[in-house]
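Numbering (UniProt numbering), first residue to last: 1 to 166.
We put the CB at the ideal spot given by N, CA and C, even for glycine.
As the structure is a computational prediction, the values presented were derived from the model and not from experiment.
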Amino acid sequence: MTQLLVVFAGLPGVGKSTLARQVGVALGAAVLAVDPVERALARHGLTGPGPGQAGYDALAGLAEVQLGLGTSVVVDAANPAAGTRGLWFELSERAGVPLRLIEVYCGDEAELRRRVEARHTADPLAPTWEQTRQRGTGYEPLIGPRLVVDTTIPIDPLPAILRYLT
C-alpha cells in the first residue's frame, strides 16, 4: 500500500481515537495522538490547559520522523483550526506523501455529552462537557476533500474509511 499521512479531526468524544487506532492497525501505520504530547508539555509548564500549537508542532515533528522512515502515519487530534491543519498539508508536501483527512462528528448531542462526561469521569484530565462545548464554538469547518464520518450511525465506518484511503 502507498505510504499515507492520515489526519483525523473533530471535537473530543466523537470517536476519533477509536477510529484512528483501528485505521492504524489496518494500515500497519504509526498512530500519533496529540493528547499525550500536550499532557507531557503541560507537566513541564510548556502549554496551557487547552489544545495548543506547541503540542501540534511536536506531533508534526514526530510524524515527520515516521514518514521519513517510510511508515504511514495516522494523526489523532482535534485539529480545530486552519492553523493546526496547515501543519499537515505542509508536512505532506515536504515528505512527498499523500494526505487524507477524516472529519469525525457525533450527530447526536445527547450521545456526545454522555461520551464526554463518561470519559471525563474516567479521566479527570479529559475535557468536561462545558469545555467541549466551548471548543465547538471555535471549531472551524474543514474545507476541501475529506471523508466525513458520523459515529452515531450504527454501521461500522472502518470499511468505508479504508476504501477512502486506498
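Could you tell me which residues DSSP pairs with residue i in its beta bridges?
i, result
"Phe8", "Asp76, Ile102"
Residue i lies in the beta strand (DSSP E); which residues open and close that run?
i, result
"Ala30", "30-33"
"Val149", "147-150"
Within 10 Å of its beta-carbon, does residue i have 16 or more other beta-carbons around it, so buried, or fewer, so exposed?
i, result
"Thr132", "buried"
"Arg43", "exposed"
"Ile102", "buried"
"Pro154", "exposed"
"Ile143", "exposed"
"residue 184", "Any answer about residue 184 is impossible in this case: the structure gives the chain only from 1 up to 166."
Could you spell out the range, first to last residue, of the alpha helix (DSSP H) harbouring residue i?
i, result
"Leu27", "16-27"
"Gln3", "Gln3 -> no alpha helix (DSSP H), and no H or E assigned at all."
"Gly107", "Note, Gly107: premise wrong, no alpha helix (DSSP H); not H, not E."
"Glu64", "53-68"
"Ile143", "Per DSSP, Ile143 belongs to no alpha helix (DSSP H) and is neither H nor E."
"Thr137", "129-137"
What residues in its chain sit with their C-beta under 7 Å from that of residue i, if we drop five residues either side in the sequence?
i, result
"Phe89", "Leu99"
Which residue from the options puts its Cα closest to that of residue i?
i, options, result
"Pro127", "Ser92, Leu19, Leu11", "Leu11"
"Ala60", "Ala95, Leu27, Gly28", "Ala95"
Among the residues of its own chain, which have a CB less than 8 Å from the CB of residue i, if the five just before and after it don't count?
i, result
"Asp156", "none"
"Leu46", "Ala54"
Hey, does residue i have any beta-carbon neighbour from chain B nearer than 8 Å?
i, result
"Gly96", "The question asks about chain B, but that chain is absent: this structure has only one protein chain."
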